[in-house]
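Going by the working numbering, the sequence shown opens with residue 4, and the numbers climb by one from there.
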Amino acid sequence: MKQHSQRDIFVIGFALFSMFFGAGNVLFPPYLGMSSGPQWVLGFICYYIADIGLALFALFSIFRRGSSDEIVRPIGRIPSIILFCAIVLCIGPMLAIPRTAAVTYELGVQPLTSSVNSVLFSILFFVVVLLCTIRENKVVDIVGKIMTPLLLIGLLILIVVGIVRPLGPVGTAPQSLNVAADGIKNGYQTMDVLATMLFGILMLRTVEAKGYNGTHEKSGIAFKASLVAGAILLIVYGGLTWLGASVATQFDLSAGRSAVILSIVEGLLGRTGLVIFAVVVALACLTTAIGLVSSCSEYFADLFKNRVSYKALVVIICVFSAVASNVGLDQIISIAAPILDIVYPPTLALIALSYIKGVNDTTCRFATVGALIMSVITAVHVYAKVPMPFLKYLPFDSLGFGWLIPAVLLGVIGWLVSRGKKSDSKAA
């Protein structure tokens with residue numbers, strides 16, 4: 004039984020790693036390393052905390068609460084459904100799933116051949132995803148036992164060669180004006196915190212399907228599997244960030260993310276490297292797409308009380324994502340940024356509040372509203388270029404956490420309001 008559980012921990016952990024390590028994870032660390040130069044370690048740490056640190060923080064909350072629904076429930080039934088649908092659509096057919104196909108095409112197919120049409124490729128890509136996700140309980144095993152080992156081998160070859168034979172010096176100064184803030188914002192862009200809200204459900208159901216039924220037993224297996232995924236990602240992210248730092252003197256900030264990573268691969272391994280990298284990118288994006296399609300389909304099947312079946316939703320999401328992926332990688336990333344900046348803060352606020360014992364629903368609602376208002380204001384300032392001079396006075400704004408203090412203050416107000424209501428009811 005002990006050997007059986009250890010095997011399951013590694014299979015589920017490998018599957019979780021490969022679901023997290025998708026489209027953005029291939030692109031963002033090397034570019035961050037290039038822009039950070041000699042401060043690449045700082046950039047990497049901030050990236051890892053904003054990405055996997057927060058994702059594991061969310062995942063452990065799901066294990067404690069038993070479901071993602073319990074995290075958003077305090078804000079009320081309708082608001083929680085709206086927020087969760089926004090999360091699912093962001094990490095699903097609207098943004099993240101199409102991005103997996105777009106990244107695979109632009110990084111894996113185009114550098115090797117121009118004869119493959121993007122429309123034809125997106126169809127083939129999502130046919131594979133469809134075949135791997137149509138059987139609900141087999142998703143994690145397919146990803147964890149088959150795809151992840153191949154993905155890791157390809158990544159480790161690239162990283163080891165880059166460490167043994169670096170492409171150049173890291174430079175004397177970073178090109179980025181704020182390395183820490185860039186690391187955090189790149190961590191945001193991976194969408195892994197939002198993806199966790201769905202991957203957590205998939206993990207718990209997989210653990211149950213493997214015969215672990217007790218609450219403590221399920222949480223223990225899922226917790227250890229998460230640590231396995233986090234450890235692998237620490238090594239891979241660190242290696243990819245270093246690869247970017249090794250070409251810091253060869254590129255400036257005007258370089259595209261795709262150009263940086265493709266130049267690194269070709270410089271280290273030549274044309275053969277581009278073939279290996281194409282396989283790595285395809286596996287990384289396929290595993291993420293498989294996890295996301297399966298998780299999104301499960302969520303909407305539950306939401307619709309199975310009036311629309313899991314299998315029908317898999318087909319619908321794959322077809323829609325195939326069409327959306329042809330918008331192009333840069334366009335998808337530019338569309339994602341403002342939406343993520345609005346959805347992330349209230350989600351993070353609710354995840355953090357789920358760890359506080361005895362916090363009441365009124366406090367959660369006020370804090371979530373505070374985070375949402377500030378995230379909308381910040382997005383309007385950054386993307387619509389509407390001047391908001393007061394934002395620079397907010398603590399942590401330069402790190403992307405300007406919403407934190409307003410959320411805390413409104414949360415305190417919510418707590419005082421709830422206390423006042425209790426006092427009034429007792430007096431009556």
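Here a beta-carbon is modelled for each residue, glycine too, at the ideal position from N, C-alpha and C.
With burial defined as no fewer than 16 other Cβ atoms inside 10 Å of the residue's Cβ, what is the status of residue i: buried or exposed?
i    : result
V167 : exposed
P398 : exposed
N28  : buried
T175 : exposed
Q256 : A small correction: the amino acid at residue 256 is Leu; Gln does not occupy that position in the sequence shown. Burial call: exposed.
N189 : buried
K213 : buried
Q42  : buried
F393 : exposed
T275 : exposed
G361 : exposed
L197 : buried
L57  : buried
Y358 : exposed
Looking at the ligand FMN, does it come within less than 8 Å of residue i, judged from the CB to the closest heavy atom?
i    : result
P152 : Within the structure as shown, the ligand FMN is missing, as the structure has no ligands at all.
For residue i versus residue j, is the C-beta spacing smaller than 9 Å?
i    : j    : result
G247 : Y34  : yes
I354 : F60  : yes
V250 : S266 : yes
I156 : L272 : no
L19  : F128 : no
G40  : T252 : yes
G16  : S328 : no
V231 : I12  : yes
G69  : D364 : no
P169 : C367 : no
F303 : V91  : yes
C321 : V130 : yes
E301 : I204 : yes
Just to confirm my understanding: we take residue i, look at its own chain, exclude 5 residues before and 5 after, and list those with CB closer than 7 Å. What are they?
i    : result
A184 : S401, L402, G403
T107 : F128, V284, A285, C288
Spatial neighbours of residue i within its chain, please: CB distance less than 8 Å, with the 5 preceding and 5 following residues excluded, ordered by chain position.
i    : result
E211 : K221
F202 : L19, M22, F23, L62, G294, S298
F226 : F63, F66
V122 : N329
Identify which residue in the options has its Cα closest to the Cα of residue i.
i    : options                : result
T103 : S117, P82, S125, S421  : S125
L30  : F280, L134, P172       : F280
A387 : K360, Q9, A340         : A340
I345 : V322, I235, F129, G405 : G405
L154 : L236, L205, M206, I55  : L236
I94  : Y191, I12, E73         : Y191
M206 : T193, Y358, F66        : F66
D195 : I380, K395, F23, V383  : F23
F307 : G56, A58, I55, I84     : I84
Y313 : V44, R10, T136         : T136
D54  : L343, A225, G79        : L343
Q178 : F254, Y215, V163       : F254
L277 : G111, I238, H384, R422 : G111
M200 : G259, I162, P96, S71   : S71
G46  : P152, L180, R10        : L180
In chain order, what residues of the same chain have a beta carbon less than 6 Å from the beta carbon of residue i, not counting five sequence neighbours either side?
i    : result
C49  : A183, G186, I187
F369 : L413, G414, I416, G417
V173 : G40, P41, A248, A251
I100 : A292, L295, S324
P348 : A374, S378, W406
Check whether chain B comes within 9 Å of residue i, counting only Cβ atoms and requiring the distance to be less than that.
i    : result
V268 : Here chain B cannot be found, since the structure has a single protein chain.
Practice task
Say whether the region 343–358 touches the region 107–121, bearing in mind that this needs 3 or more beta-carbon pairs closer than 8 Å, one atom from each stretch.
Solution key: no
Exercise for the section: Report yes or no: do the region 321–335 and the region 228–244 share at least 3 C-beta pairs separated by less than 8 Å? Expected result: Contact between the region 321–335 and the region 228–244 is absent: fewer than three C-beta pairs spanning the two stretches fall below 8 Å.
Handout entry: Three or more C-beta pairs below 8 Å linking the region 361–379 and the region 309–328
Key = no
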